[in-house]
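Undergrad: Starting off with a structure, shown below.
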Amino acid sequence: MPDIRFIHPDGREDGFEAPDGVSLMQAATGFGVDGIIAECGGSAICATCHVYVEPRWVDRLPPPDDNEQALLDNTAAERRPTSRLSCQIRLGPELQGLTVHVPERQT
Ligand code: FES
Numbered sequence: 001m002p003d004i005r006f007i008h009p010d011g012r013e014d015g016f017e018a019p020d021g022v023s024l025m026q027a028a029t030g031f032g033v034d035g036i037i038a039e040c041g042g043s044a045i046c047a048t049c050h051v052y053v054e055p056r057w058v059d060r061l062p063p064p065d066d067n068e069q070a071l072l073d074n075t076a077a078e079r080r081p082t083s084r085l086s087c088q089i090r091l092g093p094e095l096q097g098l099t100v101h102v103p104e105r106q107t
């Protein structure tokens with residue numbers, strides 16, 4: 001049951017406890033975090049669940065696979081070294097405190 005935090009471009013924050021085993025995207029949409037659209041429902045084809053992972057967390061996540069890498073080249077907001085698709089991040093106790101930033105736009 002990690003506590004996770006989404007920081008919006010205007011500085012607002014959504015912080016909540018998420019269940020283990022769901023994706024970061026599922027946790028966000030379940031909680032109603034705006035700015036995480038997830039058009040494809042987590043099938044890794046839309047890139048509208050893009051987030052910027054807080055730098056200190058980047059190396060603690062499994063690296064993106066080839067498909068995620070390709071999709072990250074097509075995000076609406078600029079791709080950064082910390083860009084990830086939130087539907088590809090599976091939550092567990094090791095991600096207690098995970099913090100990500102919501103991009104300015106997803107489409
Ligand atoms: S929800 Fe579509 S790529 Fe993540």
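Each residue of the sequence shown is one higher than the one before, counting from 1 in my numbering. Beta carbons are placed, not taken as given, at the ideal position from N, Cα and C, and that holds for glycine.
Measuring CB to CB, does Glu68 end up less than 8 Å from Gln88?
TA: Yes, the Cβ-Cβ distance between Glu68 and Gln88 is below 8 Å.
Undergrad: How long is the line joining the alpha carbons of Leu91 and Thr107, rounded to whole angstroms?
TA: Computed Cα separation, rounded: 25 Å.
Undergrad: Tell me whether Ile36 is buried or exposed, calling it buried when 16 or more other Cβ atoms sit within 10 Å of its Cβ.
TA: Ile36 comes out buried.
Undergrad: Is the number of C-beta pairs between the region 25-42 and the region 62-82 that are closer than 8 Å three or more?
TA: These segments do not touch.
Undergrad: Looking at the unbroken alpha helix (DSSP H) that takes in Leu24, where does it start and where does it end?
TA: That run of the alpha helix (DSSP H) goes 24-31.
Undergrad: Considering only C-alpha positions, which residue in the set Pro63, Ala47, Asp59, Asp65 is nearest to Pro103?
TA: The option with the nearest alpha carbon to Pro103 is Ala47.
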